[in-house]
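Enquirer: Heads up: the sequence lines are chains Y and C, in that order.
With my numbering applied, the first sequence covers 33 to 578.
With my numbering applied, the second sequence covers 181 to 341.
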Amino acid sequence: MKKLIVLASLLVCGVTLSAQEKGYLTGSLESNDYSYVNDEKSGALAGDDRFGSNNYLKLDYYNGKFTAGMQIEGYLPGSVGYPSELTGINLSNIYATWMDEDFSVTAGTFYEQFGSGLLFRSWEERALGLNNAVTGARFTYNYRDVVAFKAMWGLPRFGMGVFTNNTSRPNTITNTETQVRGADLSFALSNLLNWDNTYLALEGSVLNRYEPISSDLIDEGGKPNSLGYSGRVNFESNGFFAKAEYVSAGKKYFQNPDMNAENWYLQKNGNAQLLEFGYNGRGLGLTVTGRRLEWMNSQIISGNVSTSNLMNYVPAMCTQYTYMLTTFHPYSPQTGLVQQNFINSGEMGGQIDAFYNFRRGTALGGKRGMRVHANFSTYYAIAKDGTFQAGNLLFRDFSFDIEKQWNKKFKTILLYSMQQYNDSYGASPEYMTQNIIVADMLYKWTSTFSTKLELQYLQTKQDKKDWMAALLEVNFAPHWSIFGSDMYNHGSTKVHYYNAGVSYNKSRTRVALGYGRYKQGFICSGGVCRTIPAYTGANLTITTSF
Amino acid sequence: MRTFLLSLAILVSATAFAQVPSVIVENAKGEAVNTKTLLDEGTPMIVSFWSTTCKPCILELDAVYDALPDWKEEADFRVVAVATDDSRMLAKAKSFSEGRGWAEDFVLLFDKNKDFMRAMNVSVVPHVFVIDGKGKIVYSHTSYTPGSELELLEAIKKCSK
């Protein structure tokens with residue numbers, strides 16, 4: 033750790049010397065602290081530590097075309113359900129970038145995404161404990177607004193990052209031998225030909241992933257290098273848009289669950305097809321998405337089951353809900369599953385999403401307008417490897433919501449969602465169905481004092497039967513907010529999941545303190561979900577930036 | 181650790197005000213846009229980081245959208261809404277903006293791998309900045325409670341003086 037502090041100090045001193053040119057320093061600090069108690073009602077256990085603390089300090093220095101920065105993370109220890117490989121304090125990111133008019137060079141840690149991320153994405157999602165930043169080098173080049181080119185090489189992060197001293201924590205997986213090399217090219221044909229009102233771009237990426245493999249796998253024809261690529265078309269004209277992407281994610285190896293088989297390993301080819309089109313204009317926003325995935329789980333360490341062991345981005349393409357009762361069974365896409373009695377290569381399906389704004393002064397819009405939204409999403413397992421043949425239903429959701437500002441003070445949102453969810457990953461045709469309704473009401477008593485009330489109900493004949501929930505939030509703008517909520521399972525367990533808290537904001541700082549009982553479930557962010565066990569306790573969150 | 185904190189203190193004392201960094205994001209058509217070009221017009225702007233799953237963000241941008249005709253009578257400025265939705269929600273964020281009427285009055289930017297968000301050191305959304313005509317950040321606020329938007333107008337009016 034001392035070495036890291038000296039390294040960080042050198043970086044800060046270095047940029048201080050050049051600060052005479054009037055650069056500037058910005059940064060952010062985030063601390064999420066938890067204190068746990070045992071709770072017989074929910075079955076939550078406080079654990080040995082009874083405490084969890086996730087902390088992040090990020091600093092960036094800008095001076096003209098030069099930027100340098102770093103991030104230090106501390107898990108003292110990590111919160112309940114967080115990936116176990118995140119432990120201790122460590123320098124996780126350090127980088128320097130030169131960004132000129134038409135090119136940039138980065139040395140150190142960086143985040144990158146090719147296309148939609150199906151082939152490759154490195155990003156950070158603190159809510160999930162996910163950070164697969166690459167440490168290495170990157171070069172970008174732009175020719176006018178016609179060509180954008182990126183090339184990179186590096187080591188993707190797993191655990192506490194590439195700057196970890198392995199000997200100090202011998203029992204922790206801190207880093208990998210996996211390397212990635214890749215390039216991405218975007219060619220905007222419409223800009224070259226000076227087309228008016230129409231944008232057309234042809235894009236492509238290539239990615240090489242290296243990971244040492246066992247001699248058994250080499251004997252069966254496996255290779256440490258796998259090559260993936262993607263081809264994309266982006267089109268937009270007068271509000272109409274279309275996007276198509278084909279991805280070949282290269283060879284994937286799985287241990288053969290059949291112990292009597294001749295081969296120790298199964299070899300599969302990752303591939304995906306994505307099509308998105310629609311229209312945005314005249315108050316209407318319409319998107320249609322279709323996607324098929326097969327063996328698209330690209331990992332940093334093959335076979336490791338941690339949720340942060342990802343090298344590409346395969347999100348659930350459906351509505352991501354935020355109301356309490358709508359989030360019990362979020363959909364996680366199936367990217368290939370090898371089990372003793374069930375092998376599923378992936379999924380196929382799609383969604384239709386429509387937003388419409390009834391303008392002010394129209395019959396339905398009234399004096400203040402009205403906004404409506406509907407979504408239909410449906411996904412199926414792939415019945416047979418390499419085909420477009422649909423198997424069992426995995427997930428289906430139909431929802432609509434209506435938002436209406438009745439007068440200057442009162443606003444309502446009404447939401448209905450019907451969700452069908454198969455918890456066998458498609459092995460069995462059975463699924464559960466739940467109907468959820470939500471009424472969300474906001475009332476502004478004065479220009480700075482408002483209250484928000486949410487009433488929710490979930491009806492189902494399966495699982496733990498019916499639930500109800502309520503939330504009341506009292507806001508004193510611009511600094512204070514207080515809330516209390518309760519979810520009650522009156523259909524089966526009769527357990528209350530209460531939660532109350534207060535938050536204070538001033539300028540760039542937010543402090544929130546809460547206490548509550550949380551059920552076992554999922555935390556989802558950006559379409560990726562992590563399971564969390566039940567826990568009861570207090571939490572303190574501090575975020576600030578400067 | 182003491183050396184590090186000392187170096188940090190010296191650095192902070194020697195630096196200028198934070199400004200808009202140069203980052204590539206997308207516009208509504210999907211074209212690459214450098215955030216530095218936001219300064220070309222030389223007028224103050226409200227830059228709001230939001231996402232389709234963040235309810236307070238949507239409330240804040242709606243409040244600004246509703247107040248915009250009155251505010252524009254008091255000062256000349258632009259509203260830049262930066263969607264931090266990733267590629268999963270990118271198309272949805274565009275349709276969503278259209279369905280709320282924002283597309284007509286706001287400059288819409290899409291930061292699908294959160295590069296701009298990271299460069300501005302935004303940890304959580306909503307996070308809003310007021311930036312003067314020369315690119316200097318003169319006000320910023322995280323979180324939103326109904327009524328907080330009035331502080332934005334005050335900051336914009338100070339920029340215009």
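Glycine residues also receive a C-beta, built at the ideal position from the N, C-alpha and C atoms.
1. On the CB-based measure, 16 or more other CB atoms within 10 Å of its CB, does Glu-221(C) come out buried or exposed?
2. Nearest to Tyr-285(Y) by alpha carbon, out of Asn-266(Y), Pro-256(Y), Arg-391(Y) and Val-543(Y)?
3. Which chain C residues are close to Met-131(Y), counting only those with a beta carbon under 7 Å from its beta carbon?
4. With distances taken from CA atoms, which of Asp-65(Y), Gly-79(Y) and Tyr-475(Y) is nearest Asp-71(Y)?
5. Shortest alpha-carbon distance to Leu-369(Y) belongs to which of Phe-554(Y), Ser-456(Y) and Gly-271(Y)?
6. If I follow the unbroken alpha helix (DSSP H) through Glu-240(C), where does it start and stop?
7. For a minimum of 3 consecutive residues, which ranges assigned as the beta strand (DSSP E) are wholly contained in the stretch 259-326 of chain Y?
8. Within 8 Å (strictly less), CB to CB, does Gly-17(Y) reach chain C?
9. Hey, does Leu-332(C) have any beta-carbon neighbour from chain Y nearer than 8 Å?
10. Give me the Cα-Cα distance between Ser-513(Y) and Phe-390(Y), rounded to the nearest whole angstrom.
11. Would you say Val-470(Y) and Phe-432(Y) are within 8 Å of each other, going by their C-beta atoms?
12. Could you work out which residue in Val-200(C), Ile-204(C) and Ala-198(C) is closest to Asp-134(Y) when comparing CA atoms only?
13. Please list, in chain order, all residues of the same chain as Glu-326(Y) whose beta carbon is under 6 Å from its beta carbon, the five residues on each side excluded.
14. Against chain Y, which members of the stretch 272-293 of chain C pass a CB distance test of less than 8 Å?
15. Is Ala-243(C) near Glu-329(C), with beta carbons less than 8 Å apart?
16. What would DSSP say about Met-519(Y), mapped onto helix, strand or coil?
17. Give the list of continuous beta strand (DSSP E) stretches no shorter than 3 residues that lie fully inside the stretch 105-139 of chain Y.
18. Chain Y partners of Lys-314(C), CB-CB under 7 Å?
19. Less than 8 Å separating the beta-carbons of Asn-467(Y) and Gln-491(Y)?
20. Tell me the start and end of each unbroken beta strand (DSSP E) in the stretch 477-534 of chain Y that is at least 3 residues and wholly inside, in chain order.
21. Going by beta carbon distance, what residues of the same chain come within less than 7 Å of Gly-423(Y), once the five residues before and after it are set aside?
22. Identify, in the order they occur along the chain, each residue of the same chain with its Cβ nearer than 6 Å to the Cβ of Arg-170(Y), setting aside the five sequence neighbours on each side.
23. For a quick check, are the C-beta atoms of Gly-516(Y) and Ala-501(Y) less than 8 Å apart?
24. What is the rounded straight-line gap between the Cα of Leu-77(Y) and the Cα of Tyr-520(Y)?
25. By the criterion of Cβ-Cβ separation under 9 Å, what are the contact partners of Trp-155(Y) in chain A?
26. Residues of chain Y with a CB under 7 Å from the CB of Ser-303(C): which are they?
27. Can you tell me the Cα-Cα spacing of Phe-276(C) and Met-297(C), whole angstroms?
28. With distances taken from CA atoms, which of Thr-573(Y), Ser-479(Y), Thr-525(Y) and Thr-444(Y) is nearest Asp-495(Y)?
29. For Asp-256(C), count neighbouring Cβ atoms within 10 angstroms of its own Cβ and tell me buried if that reaches 16, exposed if not.
30. Which of the three DSSP states is assigned to Asn-203(Y) in this structure?
31. Would you report the Cα separation of Pro-306(C) and Ala-100(Y), rounded to the nearest angstrom?
32. Check the DSSP bridge columns for Leu-446(Y) and list the partner residues they point to.
33. Evaluate Ala-395(Y) with the Cβ neighbour count: other Cβ atoms within 10 Å of its Cβ, from every protein chain shown; 16 or more gives buried, anything less gives exposed.
34. Taking only beta carbons into account, state which residues of the stretch 473-488 of chain Y come closer than 9 Å to chain C, listed in chain order.
35. I think Ala-509(Y) touches Pro-326(C), with their Cβ atoms under 8 Å apart; what is that distance to the nearest whole Å?
Expert: The short version:
1. exposed
2. Pro-256(Y)
3. Ordered by position in chain C, the residues that pass the 7 Å Cβ test against Met-131(Y) are Ser-202.
4. Answer by Cα proximity: Gly-79(Y).
5. Ser-456(Y)
6. 235-252
7. 272-287, 297-313 and 316-326
8. In the structure as shown, chain Y starts at 33 and stops at 578, and residue 17(Y) therefore has no counterpart that could be examined.
9. no
10. 32 Å
11. no
12. Ile-204(C)
13. Excluding sequence neighbours, Glu-326(Y) sits near Asn-303, Ser-377 and Gly-378.
14. Lys-272, Lys-274, Ser-275, Phe-276, Ser-277, Glu-278, Gly-279, Arg-280, Gly-281, Ala-283, Lys-292 and Asn-293
15. yes
16. strand
17. 120-131
18. None at all; the shortest Cβ gap to chain Y is about 13 Å.
19. yes
20. If we require 3 residues or more, the beta strand (DSSP E) runs fully inside the stretch 477-534 of chain Y come out as 481-491, 499-508 and 512-520.
21. Tyr-412, Ala-413, Ile-414, Ala-415 and Gly-458
22. Thr-138, Phe-142 and Met-184
23. no
24. For Leu-77(Y) and Tyr-520(Y), the distance between alpha carbons rounds to 20 Å.
25. As a matter of chain content, chain A is missing from the structure shown, whose protein chains are Y and C.
26. Ser-60, Glu-62, Thr-575 and Ser-577
27. In a straight line, the C-alpha of Phe-276(C) is about 20 Å away from that of Met-297(C).
28. Thr-525(Y)
29. exposed
30. Residue placement at Asn-203(Y) is poorly supported in this model, since its pLDDT is 44, which falls under 50; the coordinates still yield a value, given next. Asn-203(Y) falls in the coil class under three-state DSSP.
31. Each residue's alpha carbon lies about 26 Å from the other.
32. Ile-434(Y) and Ala-471(Y)
33. exposed
34. The residues in question are Leu-474, Lys-476, Thr-478, Ser-479, Thr-480, Phe-481, Ser-482 and Lys-484.
35. 6 Å
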